[in-house]
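At position 213 of the sequence shown (counting the first as 1) the number is 217 in my numbering, and the numbers step up by one without a gap.
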Amino acid sequence: MELLREPLLHFLAIGVGLFLLSGLSGDPTGLQSGRIVVTQGQVASLATGFTRVWQRPPTDKELEGLIQDYIREEVYSREAMALGLDKDDTVIRRRLRQKMEFISDDIAAQAEPTDADLNAYLQAHPDAFRVQRRFTFSQVYLNPERHGEHLARDTAQLLVQLNQAGGKADVSALGDSFLLEHTFEAAPASEVAKQFGEKFATKLGGLPPGQWQGPVESGYGVHLVFVSKRTEGRIPALEEVRDAVRREWANVKRLETNEKFYRELLRRYAVTVERSERTGEISNPKSQIANKAQ
Numbered sequence: 005m006e007l008l009r010e011p012l013l014h015f016l017a018i019g020v021g022l023f024l025l026s027g028l029s030g031d032p033t034g035l036q037s038g039r040i041v042v043t044q045g046q047v048a049s050l051a052t053g054f055t056r057v058w059q060r061p062p063t064d065k066e067l068e069g070l071i072q073d074y075i076r077e078e079v080y081s082r083e084a085m086a087l088g089l090d091k092d093d094t095v096i097r098r099r100l101r102q103k104m105e106f107i108s109d110d111i112a113a114q115a116e117p118t119d120a121d122l123n124a125y126l127q128a129h130p131d132a133f134r135v136q137r138r139f140t141f142s143q144v145y146l147n148p149e150r151h152g153e154h155l156a157r158d159t160a161q162l163l164v165q166l167n168q169a170g171g172k173a174d175v176s177a178l179g180d181s182f183l184l185e186h187t188f189e190a191a192p193a194s195e196v197a198k199q200f201g202e203k204f205a206t207k208l209g210g211l212p213p214g215q216w217q218g219p220v221e222s223g224y225g226v227h228l229v230f231v232s233k234r235t236e237g238r239i240p241a242l243e244e245v246r247d248a249v250r251r252e253w254a255n256v257k258r259l260e261t262n263e264k265f266y267r268e269l270l271r272r273y274a275v276t277v278e279r280s281e282r283t284g285e286i287s288n289p290k291s292q293i294a295n296k297a298q
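Written as C-alpha cells, this is what we have:
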C-alpha cells in the first residue's frame, strides 16, 4: 500500500499509458499531426513573453505574427519528428533529458518536510549550520623588517605600555602602519583566519579576554592583541536556521528523487555497452549491464 502512494510510480504509470495509447492510435509520434490547436493559454504565454522582452504588450499585428510563428514551429517540429530527424541529435537529446529532469524536480518539489525531518537533517549535518566562534578584539602590529634584531625588545616594551593603558589604549597611534583595521567587532573565526591566517586565528582562540597578550604571529609579522569578548561556536536551534536547513534538505531530496526517477526508468531497458578490447576496461568487447537498479 505504501508503494501505491509514491508520486514517482503514478508518473511512470501515466507515461506507460500514454505510450500504449499513442501506439494504438496509429500515430507513433503521439502528436496528432493532422490537427494543431493554439489554446488561449498559449496565446497569452506568447504575449507575456513578448511583453517581458520589449517592456510593452504586442500590437494585434505583432501578436498575429507570434501565433503564426508558433504554428510554423509546431508544423516543422512534428514533421521533423515524424521523419526521425530528432534521432541522434545531441542538442535535442540534451534538451529532452533536461525536460525529463524538470519533471523529476517537480515531483521532488511536492515533498514538504516536517520539523522532525529538518531536525534530523540538522543533527546529521551540524558543521554545515554551526554558528562560528566570534572575536571582538584590538591589535597592534609590529613590522619585523623595521625592528630587525630589536623586535623582541620593542614588543616587550610596547606590551608593558599597552597593559598599563588596558582596554582604553589608543591602538591607532601605536605600533607600525598596517593595512587592516585595528579593531574588530564580533568577527567570525573564518574571517579572522582569512585576514590574518589560520595560525593567528587559532592562537586568538586560546587567549584569555581582558588583557593585552603577545606576540601573536600572522602572515604579516607579529601583533599584540586585546580580546575583549569571545563567543564560542555552537550548533543552533532549528528555529534559528530553519530556512537554510530547509533549502539544503530540499536539495538533497531533489537529488535523491532524480536518481530514483532515473533508476525506475532504467528498469524498462536492457542496456548493452560495446567496448573496444584495446581500452583494457573489460576482456569481453560486449558488456551487458544488468538492470537491477536499486
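All C-beta atoms, glycine included, are put in the ideal place defined by N, C-alpha and C.
Around the C-beta of Ser108, 16 or more other C-beta atoms lie within 10 Å, and the residue is accordingly described as buried.
Beyond the five residues adjoining it in sequence on each side, Lys233 comes within less than 7 Å, by CB distance, of Thr140 and Pro213 in the same chain, given in chain order.
Tyr145 has His227 as its beta-bridge partners, per DSSP.
Shown here, Thr43 sits in coil according to DSSP, grouped into three states, outside any helix or strand.
It is roughly 32 Å from the alpha-carbon of Gln136 to the alpha-carbon of Thr261. Scanning its chain for C-beta atoms nearer than 7 Å, with the 5 sequence neighbours on each side dropped, one finds around Asp180 the residues Tyr145, Leu146, Asn147 and Arg150, in chain order. Put simply, the region 148-167 does not touch the region 243-263. Fewer than three CB pairs are less than 8 Å apart.
Taking 8 Å as the cut-off, the beta carbon of Asp119 is found closer than this to the beta carbon of Leu242. Secondary structure at Glu260: helix, using DSSP grouped into helix, strand and coil. In the DSSP annotation of this structure, the continuous segment of the beta strand (DSSP E) that includes Val220 starts and ends at Trp216 to Glu221.
Excluding five sequence positions before and after Phe182, the CB atoms of its chain that fall closer than 6 Å to its own CB belong to Tyr145, given in chain order. Cα atoms of Lys91 and Tyr80: separation of roughly 15 Å, rounded to the nearest angstrom. Annotation: Glu281 is outside any beta strand (DSSP E) and is labelled neither H nor E by DSSP.
A contact between stretches requires three or more CB pairs, one per stretch, nearer than 8 Å, and the region 221-236 meets this requirement with the region 198-211.
When secondary structure is reduced to three states using DSSP, Glu116 falls in the coil class, being assigned neither helix nor strand. In this structure Gln143 touches His186 by the C-beta definition: roughly 6 Å separates them, less than 8 Å. Residue pairing by DSSP leaves Ala128 without any beta bridge partner.
Per DSSP, Phe182 lies in no alpha helix (DSSP H) segment and is marked neither H nor E. Take Arg238, set aside five residues on each side of it, and the residues of its chain with a beta-carbon closer than 6 Å to its own are Val135, in chain order.
Between Arg76 and Leu126, the alpha-carbon positions lie close to 52 Å from each other. Per DSSP, reduced to three states, the secondary structure at Phe200 is helical. In terms of Cα proximity to Arg39, the closest of Arg271, Arg82 and Val175 is Arg82.
For Arg138 and Pro240, the gap between their C-alpha atoms comes out near 14 Å. Between Leu208 and Val229 the beta-carbon gap is near 7 Å, inside 8 Å, which marks them as a contact.
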